[in-house]
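Top line first, the protein sequences correspond to chains C and E.
Here the first sequence is numbered in the working numbering, starting from 5 and rising by one per residue.
Here the second sequence is numbered in the working numbering, starting from 5 and rising by one per residue.
C-beta atoms are modelled at their ideal positions from N, C-alpha and C, and glycine is treated no differently.
Okay, structure first, notes after.
There are 2 protein chains.
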Amino acid sequence: MTDPQRSPRSVAVVGATGAVGEILLEVLAERRFPVSRLRALASERSAGATVRFRGEAVAVEAVRPQLFDGIDLVFFAATGSLSKELAPEAQRRGAVVIDKSSTWRMDPGVPLVVPEVNPDAAVNHRGILACPNCTTIGFVMALEPLRRAAGLRSVVVTTLQAASGAGREGTDELSGQVKALAHGRELEAKVFPGPLAGNVLPLCESFREDGYSTEEMKLLLETRKILGLPDLAVSMTCLRVPVAVGHSATLLVETERPLSPAAARAALAGFPGLRVLDDPLNNVFPTPRDVAGRDEVLVGRIRRDLGSDRLWLWEVSDNLRKGAATNAVQTAELLLARGLA
Amino acid sequence: MTDPQRSPRSVAVVGATGAVGEILLEVLAERRFPVSRLRALASERSAGATVRFRGEAVAVEAVRPQLFDGIDLVFFAATGSLSKELAPEAQRRGAVVIDKSSTWRMDPGVPLVVPEVNPDAAVNHRGILACPNCTTIGFVMALEPLRRAAGLRSVVVTTLQAASGAGREGTDELSGQVKALAHGRELEAKVFPGPLAGNVLPLCESFREDGYSTEEMKLLLETRKILGLPDLAVSMTCLRVPVAVGHSATLLVETERPLSPAAARAALAGFPGLRVLDDPLNNVFPTPRDVAGRDEVLVGRIRRDLGSDRLWLWEVSDNLRKGAATNAVQTAELLLARGLA
Chain C
5 MTDPQRSPRS VAVVGATGAV GEILLEVLAE RRFPVSRLRA LASERSAGAT
55 VRFRGEAVAV EAVRPQLFDG IDLVFFAATG SLSKELAPEA QRRGAVVIDK
105 SSTWRMDPGV PLVVPEVNPD AAVNHRGILA CPNCTTIGFV MALEPLRRAA
155 GLRSVVVTTL QAASGAGREG TDELSGQVKA LAHGRELEAK VFPGPLAGNV
205 LPLCESFRED GYSTEEMKLL LETRKILGLP DLAVSMTCLR VPVAVGHSAT
255 LLVETERPLS PAAARAALAG FPGLRVLDDP LNNVFPTPRD VAGRDEVLVG
305 RIRRDLGSDR LWLWEVSDNL RKGAATNAVQ TAELLLARGL A
Chain E
5 MTDPQRSPRS VAVVGATGAV GEILLEVLAE RRFPVSRLRA LASERSAGAT
55 VRFRGEAVAV EAVRPQLFDG IDLVFFAATG SLSKELAPEA QRRGAVVIDK
105 SSTWRMDPGV PLVVPEVNPD AAVNHRGILA CPNCTTIGFV MALEPLRRAA
155 GLRSVVVTTL QAASGAGREG TDELSGQVKA LAHGRELEAK VFPGPLAGNV
205 LPLCESFRED GYSTEEMKLL LETRKILGLP DLAVSMTCLR VPVAVGHSAT
255 LLVETERPLS PAAARAALAG FPGLRVLDDP LNNVFPTPRD VAGRDEVLVG
305 RIRRDLGSDR LWLWEVSDNL RKGAATNAVQ TAELLLARGL A
């Protein structure tokens, strides 16, 4: 007997040559996702390139709607505008879309899914599911165990985001700047709004009229949607740091009922996809370099605030893996397991 | 007629070859501090070296108590243990000591001074005055104008601290690691508890039993002492980032009376030593690279918290200048101006 949940699917990856697309192909292979046939798609510019999947070269085709014919699952790891234009085309042709861009996330008809946190949201999908922002994923992974243990009242968060959150252009710009810094040359900035190597920028993405960044608003609104807490108080500043891969954040969490650091540690350690590294006296704590290449979200520095019942946490996650590719593949696995795709 | 406030003093700098000591000599010269004679002192290890002061080479002597004879003012920019042993020796010989180490800061008989914030604290000195921690100085500079405008109730702060906060060894370790990173070599860490280049470490200094770092406790206790607010609620996490010079911080400030972002901006802009760089729509905000080499504390991203009356701020300061050397020299200027040394 064949297991229908593992019966192979035809899969397309849009944005296969990008920073997330490349990892997505790796994660599909690593997790033995049942792929019968893979289409590697990208913008016109990348057509003709090849990518590797399960040890074989796959030719990259310029994406167009007809290429979604006969495809069961389409991962979009491309720009928002491409996703806005083409995700409905894939949907119309019967494919289920898992989209990594911000385009569909706040659409009331589109589930925004972190499989460990809100798997049931996937049930009512209409052909498009969205993956949250890379920063939001690590954030809600750290919050959900605390919410289950004691409820959530408010969070103050400062994020420190890696260059790869801005795609391959971001990683390339930082690595060029690191070389320039090492050789005492001027730093050139095009992707980011100033030199990032040897620096910190108090901006991810772009500013709105009200002084908040678009990234900060994503963090707020997506968190509320995923957790199903439309009034959750989230106070946030998002920063860009000279790190290639690995977003980190300081969290000050107010729970509804008292929660000791020991109970918080136990709740976090027992949550799937989350690992606690927290032994300060032996200098055990997670860093972006520790998490790069891993699928788990790492949490440390769990302690009581001085002078209140709140809890401090330090959270790091690989923004390309759990923050993007791994979460997308886990969402696809969820769909298969529940017969939703 | 001579101005007694500008009558030249004999000055000694202990730790003249260190990261702060070197800048201290620069700042004394830049600000035309009235120095009749300069003694450059350091540990035995650095004796025989030379440093430059006002364009001339000065031989570095191994520090010993007798060298304080006939000295009016001694700046300590050395280790805490050296300061603990030798500051009283200088004091006993009639010199006034301005100490940059943490040794004397919390001593009730020692004023802890940021001249723009609490100049009157200097009045009752008994021969030793302390300079706050480099992170504390930028922090209280940003808080004091808000306190004067509307009172302070609480602050949540995440600091992002530069490698030079750990002295020249810290700067050297980071710059070696940046070279290694640029050439794809392994990173070696001795000064910091892990690789810093391309990374963020959730620790400055060392951990205490309760999971807080010694740096975090300094920030709390020094801030309360300087502001004269022994019960001020300060919630903090201190991080180390791969930046050579320039500490930065996100601040979420709760005032006692309502304060609009516009009123906060005006209060901050009108405070001496502080400059507001805050025009988000034109990507105007301060960064560590902007502040390096400057004496002003820079503040930006002033905005209302979403869902509360609190205010967010982003603050950066040069940890070697205003965070150390400049603040020490300003303290000496204050003593001269008030006839206190």
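Around the CB of C:Asn331, 16 or more other CB atoms lie within 10 Å, so the residue is classed as buried. Among the residues of the stretch 138-166 of chain E, those with a Cβ less than 7 Å away from any Cβ of chain C are Val160, Thr162 and Leu164, in the order of the chain. The beta carbon of C:Pro262 sits no closer than 9 Å to any beta carbon of chain E. For E:Arg279, same chain residues with a beta-carbon under 6 Å away, outside a window of 5 residues either side, are Glu300 and Leu302 in chain order. In chain order, Thr291 and Arg293 make up the part of chain C whose C-beta sits under 9 Å from the C-beta of E:Pro199.
Not one beta carbon of chain C lies nearer than 9 Å to the beta carbon of E:Pro234.
Membership of E:Asp103 in the beta strand (DSSP E) is indicated by the continuous run Val100 to Asp103. By the CB criterion at 9 Å, C:Arg305 and C:Gly250 fall outside the cutoff. Nearest C-alpha to C:Asp111 among C:Arg325, C:Val160, C:Arg130 and C:Leu32: C:Arg130. By the Cβ rule, the stretch 228-246 of chain E counts as touching the stretch 311-331 of chain C, because three or more pairs are nearer than 8 Å.
In the three-state scheme derived from DSSP, where H, G and I count as helix and E and B as strand, C:Ala16 is classed as strand. Taking a contact as a CB-CB distance under 8 Å, the pair E:Val144 and E:Val121 counts as one, their CB atoms being some 5 Å apart.
In the same chain as C:Arg228, and ignoring 5 residues on each side of it, the C-beta atoms closer than 8 Å to its own belong to Pro234, Asp235, Leu236 and Val238, in chain order.
Within 8 Å of the CB of C:Asp309, the CB atoms of chain E belong to Ser239, in sequence order along the chain.
Rounded to the nearest whole angstrom, the C-alpha separation of C:Met221 and C:Glu148 is 19 Å.
For E:Ile306, the three-state secondary structure derived from DSSP is strand. Residue burial annotation: E:Arg96 is exposed, with fewer than 16 other C-beta atoms found within 10 angstroms of its C-beta. Residues of chain C with a Cβ closer than 7 Å to the Cβ of E:Ala134 do not exist, since the nearest Cβ in that chain sits about 22 Å away. Runs of beta strand (DSSP E) with 3 or more residues, each lying fully within the stretch 219-249 of chain C, are found at 237-244, listed in chain order. Counting C-beta pairs with one atom in each stretch, the stretch 13-20 of chain E and the stretch 36-49 of chain E have three or more that are closer than 8 Å, which means they touch. Looking at E:Glu337, E:Ile230 and E:Arg172, the one whose alpha-carbon comes closest to that of E:Pro38 is E:Glu337. Sequence-distant Cβ neighbours of C:Val182 in its own chain, meaning closer than 8 Å and more than five residues away, are Ala201 and Pro246. The way I'd put it, the stretch 186-204 of chain C doesn't touch the stretch 265-279 of chain C; fewer than three beta-carbon pairs between them come closer than 8 Å. DSSP places E:Ser87 inside the alpha helix (DSSP H), whose first and last residues are Gly84 to Arg96. Remark: C-beta atoms of C:Ala184 and C:Glu192 approach each other more closely than 9 Å.
Linking C:Arg157 to C:Thr259 through their CA atoms gives a straight-line distance of about 5 Å. Of all alpha-carbon atoms in E:Gly74, E:Asp124 and E:Gly98, the one lying nearest the alpha-carbon of E:Arg342 is that of E:Asp124. Pairing C:Gly84 with C:Ser50 gives a Cβ-Cβ distance that is not under 9 Å. Within its own chain, the residues whose Cβ lies closer than 6 Å to the Cβ of C:Glu48, once the five positions on either side in sequence are excluded, are Ala66, listed in chain order. Residue state for C:Ser179 is assigned as helix, using DSSP reduced to three classes.
Of the residues C:Ala253, C:Asn128 and C:Leu77, the one whose Cα lies closest to the Cα of C:Ile141 is C:Ala253.
Shortest Cα-Cα distance from E:Thr291 to any of E:Leu150, E:Leu255, E:Val320 and E:Gly215 involves E:Val320. In the three-state DSSP reduction, C:Leu263 falls in the coil class, being neither helix nor strand. The Cβ atoms of E:Ala82 and E:Gly169 do not sit closer than 9 Å to each other.
For C:Phe80, the uninterrupted beta strand (DSSP E) segment begins and ends at Leu77 to Phe80.
In the DSSP annotation of this structure, C:Ala201 is not part of any alpha helix (DSSP H), being labelled neither H nor E.
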